[in-house]
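In UniProt numbering, the protein residues as written are 1 to 319.
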């Protein structure tokens, strides 16, 4: 699923936003922010309900575009607080980079090589390595009332992580969910599972095939969908898994995702361009038996591992 800030690095052919929703930033500053201040940037975007996209570039600058995410602030005027917060973060980062460069000769956040044999040099014991992390990944200050998340063991200021978890029940560093995520999949769908022992999938010739059928009747969009009150057509989708131990593990995770309404959503189809239809929701399924990854089929040796990562990113695990 990529890094925690992969959503801010998407390129757009044109978001169509006004100038007041755009920000220009030196490339060295933006690259440092997305690498070193990922948690803070993600929290900013979540609280403001915006996406931050790279909409253009020059040899020295990136042009960033802020786009509202439903139910985000309507129109360009509503984006002003988010733009102001982003500019403040970028300005603060630029000042820090200048100070680093003046003090240590650092460029783009890289640390200078210590003298051979010195503490922190390669092969030498470093007191920094032995000390617990003292900087909060959210506020970048010294931790106050530190709190460590139980599963992933990332630590934060108590107040910072409490605020972050109110926005999204996930670790701001690694994205691991705490609690149960519920999606906006239409509630009246069915997931039907059958097995065909005589139908092996390429790459899994020793096993049969699990056939998953998702069936949704037509319905009306609710308040959680893009266009409440607008009708959407019914649909049937078929997907395939190898009937092997790992395939059955993925099937169990698919059942959980479907029960939590995460497998589908209502929106615009990426393949047909039609709006107000039921679409996949970033949990990739194999909809063909053959043809390889290009045709959403097999063989694809890493698919079962990849889809488990996608599910984990949505909080769907065996435990």
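The beta carbon of each residue, even a glycine, is placed where N, CA and C say it ideally should be.
Supposed contact pair residue j and residue i - C-beta distance, whole angstroms, cut 8 Å
| i | j | result |
| --- | --- | --- |
| residue 55 | residue 22 | 7 Å |
| residue 199 | residue 250 | In fact, because the Cβ distance is near 17 Å, the residues do not count as touching under 8 Å. |
| residue 164 | residue 43 | 6 Å |
| residue 308 | residue 181 | Not confirmed; about 16 Å, so no contact. |
Residues bridged to residue i (per DSSP)
| i | result |
| --- | --- |
| residue 80 | Looking at the DSSP assignment, residue 80 forms no beta bridge with any residue, so it has no partner. |
| residue 219 | 232 |
| residue 240 | 211 |
| residue 157 | 146 |
| residue 174 | DSSP lists no partner for residue 174. |
| residue 204 | 201 |
Contact set for residue i: own chain, Cβ-Cβ below 6 Å, skip 5 residues either direction
| i | result |
| --- | --- |
| residue 178 | 169 |
| residue 256 | 316 |
| residue 295 | 288 |
| residue 190 | 215 |
| residue 146 | 155 |
Close-in-space but distant-in-sequence residues of the same chain around residue i (CB under 8 Å, 5 per side omitted)
| i | result |
| --- | --- |
| residue 230 | 220, 221 and 276 |
| residue 281 | 183, 185, 262, 263, 264 and 265 |
| residue 140 | 37 and 40 |
| residue 173 | 4, 38, 39, 137, 152 and 154 |
| residue 247 | 204, 207, 210, 241 and 304 |
| residue 69 | 49, 50 and 51 |
Alpha-carbon spacing of residue i relative to residue j, whole angstroms
| i | j | result |
| --- | --- | --- |
| residue 318 | residue 253 | 7 Å |
| residue 264 | residue 184 | 8 Å |
| residue 286 | residue 51 | 29 Å |
| residue 30 | residue 90 | 7 Å |
| residue 66 | residue 86 | 10 Å |
| residue 313 | residue 175 | 7 Å |
| residue 155 | residue 171 | 9 Å |
| residue 300 | residue 240 | 12 Å |
| residue 201 | residue 192 | 19 Å |
| residue 159 | residue 134 | 15 Å |
| residue 144 | residue 46 | 23 Å |
| residue 212 | residue 268 | 23 Å |
| residue 64 | residue 53 | 5 Å |
| residue 258 | residue 149 | 27 Å |
| residue 274 | residue 157 | 45 Å |
| residue 88 | residue 224 | 32 Å |
| residue 79 | residue 293 | 39 Å |
| residue 166 | residue 291 | 44 Å |
| residue 272 | residue 95 | 47 Å |
| residue 302 | residue 81 | 42 Å |
| residue 58 | residue 297 | 39 Å |
| residue 116 | residue 142 | Low confidence applies to residue 116: its pLDDT is 45, below 50, so where it sits in the model is not reliable, and the reading given next is rough at best. So the alpha carbons of these two residues sit roughly 30 Å apart. |
Check whether residue i and residue j have beta carbons under 7 Å apart
| i | j | result |
| --- | --- | --- |
| residue 218 | residue 234 | yes |
| residue 40 | residue 161 | no |
| residue 215 | residue 194 | no |
| residue 34 | residue 61 | no |
| residue 209 | residue 243 | yes |
Residues near residue i in its chain [Cβ-Cβ closer than 7 Å; skip 5 each side]
| i | result |
| --- | --- |
| residue 278 | 186, 216, 232, 235, 264 and 266 |
| residue 227 | 221 and 276 |
| residue 196 | 208, 209 and 211 |
| residue 27 | 60, 61 and 62 |
| residue 306 | none |
Short CB-CB distance (under 7 Å) between residue i and chain D
| i | result |
| --- | --- |
| residue 193 | The structure shown contains no chain D, having only a single protein chain. |
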